[in-house]
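The listed protein sequences derive, respectively, from chains D and H. Under this note's numbering, the residues of the first sequence are numbered 50 to 801, in order. Under this note's numbering, the residues of the second sequence are numbered 50 to 801, in order.
There are 2 protein chains.
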Amino acid sequence: MISLNTKGRSLLSVFVLLLSLQITGQDHPGLILTKTGVENIKQHLGAIPIFDKTLAEFKKEVDAEISSGIHVPIPKDMAGGYTHDRHKKNWSILYKSGVLYQLLNDTKYAKYVLDVLKEYAKMYPTLPRHPQERSYARGKIFWQCLNDANWLVYVSQAYDCVYNYISKKDRTYLEKNLFIPYANFLSEETPQFFNRIHNHSTWGNVAVGMIGLAINNDELVDRALYGLKTTSLEPDMKDNDGGFIISEDQKSGFLANLDSPFSPDGYYTEGPYYQRYAMYPFMIFAQALQNKKPDLDIFKYKDGVLIKAVYALLNLTDTQGEFFPLNDAQKGMSYFSKELVSAVDIAYHFGSKDKQLLSIAEKQNRVQLDETGLSIALGIKNKKSIEFQKKSLELKDGADGREGGVGILRSENSQLELIMKYSAQGLSHGHYDKLSFSYYNKGEEVVQDYGLARFVNIEQKNGGGYLKENKTWAKQSIAHNTIIQDQTSHFGGKYEIGSKHHSEKFIFEIENPNFKIVSATEENAYPNTKLHRTMIMIEDEDFENPLLIDIFKVSSNTEHQYDLPYYYRGQIIDTNFNYDISPSLKPLGTKNGYQHLWLQGKGTINDPTKTIQNTWLLANTFYTLSTLSHANDEFLFTRIGANDPNFNLRRDPAFILRKTKAKDNVFISTIEAHGSYNAVTEIAKHSSSSIQEIRKLKIDDDNYVACTIILKNGKQHTFILCTSNNTKSAKHSIKIDAKTLQWTGPYYYFKN
Amino acid sequence: MISLNTKGRSLLSVFVLLLSLQITGQDHPGLILTKTGVENIKQHLGAIPIFDKTLAEFKKEVDAEISSGIHVPIPKDMAGGYTHDRHKKNWSILYKSGVLYQLLNDTKYAKYVLDVLKEYAKMYPTLPRHPQERSYARGKIFWQCLNDANWLVYVSQAYDCVYNYISKKDRTYLEKNLFIPYANFLSEETPQFFNRIHNHSTWGNVAVGMIGLAINNDELVDRALYGLKTTSLEPDMKDNDGGFIISEDQKSGFLANLDSPFSPDGYYTEGPYYQRYAMYPFMIFAQALQNKKPDLDIFKYKDGVLIKAVYALLNLTDTQGEFFPLNDAQKGMSYFSKELVSAVDIAYHFGSKDKQLLSIAEKQNRVQLDETGLSIALGIKNKKSIEFQKKSLELKDGADGREGGVGILRSENSQLELIMKYSAQGLSHGHYDKLSFSYYNKGEEVVQDYGLARFVNIEQKNGGGYLKENKTWAKQSIAHNTIIQDQTSHFGGKYEIGSKHHSEKFIFEIENPNFKIVSATEENAYPNTKLHRTMIMIEDEDFENPLLIDIFKVSSNTEHQYDLPYYYRGQIIDTNFNYDISPSLKPLGTKNGYQHLWLQGKGTINDPTKTIQNTWLLANTFYTLSTLSHANDEFLFTRIGANDPNFNLRRDPAFILRKTKAKDNVFISTIEAHGSYNAVTEIAKHSSSSIQEIRKLKIDDDNYVACTIILKNGKQHTFILCTSNNTKSAKHSIKIDAKTLQWTGPYYYFKN
């Protein structure tokens, strides 16, 4: 037996205390689940339906997986292939298994996590970079580091959950052979992936940060928050999507990725599809930081931008909950995704306990299995839920909110929704579509944005990755509902130029429920050319549904051709002008996306002015595009699909308004939603437009655009816009037809 | 005062009795609503939810209409125009108002009916035939007699309901100025409309019969039942659709229209869309006859064909309740139509009170407001409803069931449904598509039938009538999923020839739930050519979903080109063969429908044999068409839309298998439904085919076709068909690869 003096004894007790802390692990779980959280949840289990249901689903899935054995194959396949899908599944099952261990106290779940992790730890040190060489940042487990980072974000949580179950020896083994090398690989060894302003880096930062918090390694946490201090990256390095690796101000890390791609309104510059994808690491790491480093007060960072971002995302969905597909975006993604389940739960729990979020969670019908999900489940159980009210709103873009934005106009009395884009480029996932718009009715796309050209995770389509048509078609201006000059994309389709510029908001006013307006300008898309689009949603007894007015002014010092497409969806019912159809179809052009459009037919306007109209039917509602045209204007009927050898593109139609030679000009159009068709009763109601004519009013001042919409019932709606001054207090006085009109503010609207 | 003797007194009392009968109207209502029926209903009102709901809807609609005043404009417009729609609305509101008067005892409804009828009676004698001259049988109120007949069918019911409210004088006035001339106009004055075997005539017959029953005019009732005795019709007269006016056996009237277009199975030769349309007059007149002339025992007529017809119709719907669009048929029409509400209610009440019908009524969520609806409402209220089980079944065509038919194969464990057509021509609404098929999954069309080329009641599209593309495209063989020889439609697209022939069932067996088969032959579509198609649905553990095998044998004495289209719906995901895409699109041909197809791309097979495969994605499920091809076979990618100046056609795609020169040949193909895609989780499962190869087995006997489907898992499924003998007891013995196979019956299937 060893004898100790007092000092020795007290040192020993400190040592024992430390040891016991380490062994009993006072701080595990502490990342997402917490010790008190677990106790709290256990008290309610069985009496919180939405939570209990999610837990039962986890259990069923994990039990089936555990009984199928352990599968840790040597990495080999692209997305969609076996090893890829298996490792993806592993991260999910490990995470769920960890949660089940905590909530159900069944050590089989902890043992499973440990056994699988040991297999990874055995394999990891032997792995070179992944054999598939397509990524600018190849991973080890997956073909790209992005997926390796995904793995670690989830597995860190699993490890935290079973930490106390694992012996110190095994922990040391796992951390030394797997977690720390893994974190270093994602960061120091792959700086082009880790040190960017980009959703990829956010995943990388959070992966490193989560494992850092899980194993109490402050160096890793710091690296996650602030990025690598030094790297050997070249300033003009680009990723697979053509985006720059190095940001302008050279900041990096988690906080820099909150500073910069997020605007103060919570809009993420890449667009909602990627914002959704990035929301999980942003929110889950914020939750972990709040639990482990509460002093950082992360949810207050940048005036609470993370919680704002959740509201921005929810407002960026149509009435079915699907995201507006701005920039690269696969259609169908919605707030039913698991990232939004987490985001809504976390925003509710750490935010203001907004009862509107409960209604979204009810629709999602599952929760995150932690204290945030418990909060939601209790809120719903106690019937606190109220309907989420989507708003007409503007979301500014840019780190400081000064780089344009997107404007959403929503109708009060119908389900019509307009979204107009006048944002910055949106990093490497941005499309060249300044001042474009899309239009929805009851969640149906009436005038659509194409989205991306990709079938995510469908192996036969280029391994599930981006298709070449994403660049040749989906990103090009002609693929969007905006102006194209001389058949060339905005900024020449060049990211280097596009990423230097952004559009400018001119007007955004939604205070009057019957007259909402969004107006924006773009001066850099084409040299010496100013684009100015104004869209107005009028709700008036003269119209069955809100009328959309679209005024697109172009000003240039030389003559150009201008195309303005409307990618309508549906079946053409009627037109009021003559056109020829093409006896054989040829592509509309040879490049910039035009090579992908078939020209189906063309009308040339002979009258000096004529209001041309086109009515179509979609999902039992009629729509009419009316547009004021002039002699020699052309109206093209196109369809996507030319030069598409692998049938990668949808065969969707468009109307294209074309002015063949114009310096200063303005496109004035309206879109009506009217009437209905019922295939069961076979009753067609109000299948024709209410509009008789669109008339442009003559004003001897280029700073104004004025038009009157003349209805078949004789009523007239007049709108005048001052395009040079958006000051609200400015007074205007102009003469129209010998009558002087006076008003204050950038526009004037009246009805007679 | 007048003094009478005994005889005089008793004569007087008879007279008074008769008078009182007439005045108190013992037999009104008696047509659809009956006196006892009304009493019965009133006892339950307020306690029969589905009935109460329908009644409330009637009341709301009618009250609004009554307060809007009376509108009986001079007829002027085509379908979709004001006067057309107004008179249509009038018949509906009159009918409903009559019912409301009976059930609610409020005389305002009776008064409204009377007031409106008086307006009609004032106008009717002044009316010439309708000014629109498009119909072969112009009406007076509407552009075609068909709509005039619709009006009278409903208004007869209204008149019966308010009969006792109206003074004798007014009744005499109405009958003399409106109803009797109206009935004579529809029959004697328009025999080409009244005296046919056609849904138009059924409406005409029933209109005349209903008013006959309502005013106790047996002459009209007889005319309705048995047709006009003599007419001045020419034997080769045709209607607007190209159908003959005079039937072969020259029978006419309601009963003749039950004899002939209906098969003993209740299949109506025009197809389900028109059967649905005709069901209302058939069923409502049957109900009236049962009430007023019970001795006729109409529901027993032709072994109960009317009730059988309701079941046939319900079985001719997909899982969403929409009718399979055989022949001229507008998609979207379903058992939610008002005709099917009546049909289901009447079939339940006058049939065997089948509880399965209650489940359809529950989905319809409304009832006919009479005793049949009461029966339904009580059945539902008493929770007697059980789910309607749609069956795999054959519906024979032809008055005696000997003119082919349609075969429906439904999967046991999924929602896959195949319908194959081998019926007669289907009168003037028939399409030239012998042995065609369509294929459904969960109510989605996977391989579609085009349906008709028409936008019913949408005025801008040819007044809502048939478009010329119905003839140039929709009726042509190339518009369907069947064989086309030398780019010519079946029967040369000639109704005179097509209507003389029908296909023949060869096999229809559905007893084995894992192996269902339909096989049929057609020997008259092309001269000296026999077509024989066999389709098999196999449910086996080797396949995620049932596998569809499609064997199409063609035999001719000379060489021809054969095209076999598959109008798939969805996005092409992958192909396993080389093809060229067309740099510019040209029509595939110049006539017979080919002029409407764009050729998007073409592959020519170089290998001696090759199993070519095409995978597509539709509504989150993958599908693969595999087909055994030979050297010089072609595979065409087409899309509808060429030579369509008014954009009347949908831009739908097809794969076309082409054998450029063949005498005897066989197309052997399979269609798999496999895997899934989820746009929210972005997970793709099982996106590739399970089939490795389709192999044709060599047999030295032209009477047999044999093939083996070789799966990627090594399993083999072999099917042998004897094409010359469908006798179940026939014994067969053939040699394949030196192995002798022996079996009984027309086919042999095994797996190894």
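Quick reminder that beta carbons are idealized off the backbone N, C-alpha and C, glycines included.
key: Residue from 610/H, 285/H, 112/H, 755/H with nearest C-alpha to residue 784/H   = 755/H
inquiry  = In the DSSP output, what is residue 467/D paired with across the bridge?
reply    = 458/D, 488/D
query = Near residue 859/D, which residues of its chain fall below 8 Å by C-beta distance, leaving aside the five closest residues on each side in sequence?
reply = This structure leaves residue 859/D out entirely; chain D is present only between 50 and 801.
ask   = Is the distance from the Cβ of residue 418/H to the Cβ of residue 148/H below 7 Å?
value = yes
query = Nearest chain H C-beta to residue 731/D closer than 7 Å, yes or no?
reply = yes
task = Can you give me, in chain order, the residues of the stretch 615-646 of chain D that have a beta carbon less than 9 Å from any beta carbon in chain H?
result = 620, 621, 622, 623, 624, 628, 629, 630, 631, 632, 633, 634, 635, 636
request  = To the nearest angstrom, report how far apart residue 782/H and residue 791/H are at their CA atoms.
outcome  = 4 Å
ask   = chain D beta carbons: is any one of them nearer than 7 Å to that of residue 506/H?
value = yes
key: Between the CA atoms of residue 745/D and residue 786/D - distance to the nearest angstrom   = 12 Å
query = Based on the DSSP output, what are the partners of residue 623/H in its beta bridges?
reply = 664/H
ask   = Buried or exposed: which applies to residue 642/D, given that a residue is buried once 16 or more other Cβ atoms fall within 10 Å of its Cβ?
value = buried
query = Excluding the five sequence neighbours on either side, which residues of its own chain have a C-beta within less than 8 Å of the C-beta of residue 701/H, listed in chain order?
reply = 497, 499, 616, 618, 688, 689
Against chain D: residues of the stretch 373-391 of chain H by CB proximity under 8 Å = 379, 380, 381, 382, 383, 385, 386, 387
ask   = If residue 336/D sits next to residue 90/D, beta carbons under 8 Å apart, how far is it from one beta carbon to the other, in whole angstroms?
value = Actually they do not touch by this definition, with Cβ atoms about 15 Å apart.
query = Helix or strand or just coil, what does DSSP make of residue 583/D?
reply = strand
Beta-carbon contacts of residue 709/D that lie in its chain and below 8 Å, excluding the five residues immediately before and after = 610, 681, 682, 683
query = Thinking just about the alpha-carbon of each residue, which of 769/D, 286/D, 173/D, 424/D is nearest to the one in residue 97/D?
reply = 424/D
message = Going by beta-carbon coordinates alone, are residue 216/H and residue 260/H separated by less than 7 Å?
response = no
query = Considering only residues of the same chain and omitting the five flanking positions on each side of residue 691/H, which have a CB-CB separation below 7 Å?
reply = 636, 644, 645, 646, 647
task = Find out if the Cβ-Cβ distance for the pair residue 269/H, residue 302/H is shorter than 7 Å.
result = no
request  = Go to residue 714/H, then tell me how far its beta strand (DSSP E) extends in each direction, as first and last residue.
outcome  = 714-723
request  = Indicate whether the contact test is met: 3 or more Cβ pairs, each with one atom in the stretch 755-765 of chain H and one in the stretch 536-550 of chain H, closer than 8 Å.
outcome  = no
ask   = Using a beta-carbon distance cut-off of less than 7 Å, what residues from the stretch 118-141 of chain D approach chain H?
value = 129
request  = Note down, in chain order, all residues in the stretch 727-756 of chain D with a beta-carbon under 8 Å from any beta-carbon belonging to chain H.
outcome  = 728, 729, 730, 731, 732, 733, 736, 737
message = Just to confirm my understanding: we take residue 872/H, look at its own chain, exclude 5 residues before and 5 after, and list those with CB closer than 8 Å. What are they?
response = Past the boundaries of the shown model lies residue 872/H; chain H is included only from 50 to 801, so the question cannot be answered.
ask   = Does the beta carbon of residue 284/H sit closer than 7 Å to a beta carbon anywhere in chain D?
value = no
query = Any Cβ of chain H within less than 7 Å of the Cβ of residue 696/D?
reply = yes
Simplified DSSP state of residue 274/D, which is helix, strand or coil = helix
query = Since residue 711/H is in the beta strand (DSSP E), which residue starts that stretch and which ends it?
reply = 702-711
query = First and last residue of the beta strand (DSSP E) that includes residue 567/H?
reply = 564-571
task = Could you check what DSSP says for residue 192/H in three-state terms: helix, strand or coil?
result = coil
Segment contact, 8 Å Cβ cut-off, at least three pairs: the stretch 238-257 of chain H with the stretch 130-148 of chain H = no
task = Anything in chain H within Cβ reach of residue 664/D, meaning under 8 Å, just list it in chain order.
result = 509
message = As a quick exercise: from 604/H, 130/H, 565/H, 199/H, pick the residue whose alpha carbon is nearest that of residue 571/H.
response = 604/H
key: Backbone secondary structure at residue 163/H - three-state DSSP   = helix
query = Can you name, in chain order, every residue of its own chain whose Cβ lies under 6 Å from the Cβ of residue 136/D, other than the five neighbours on each side?
reply = 190
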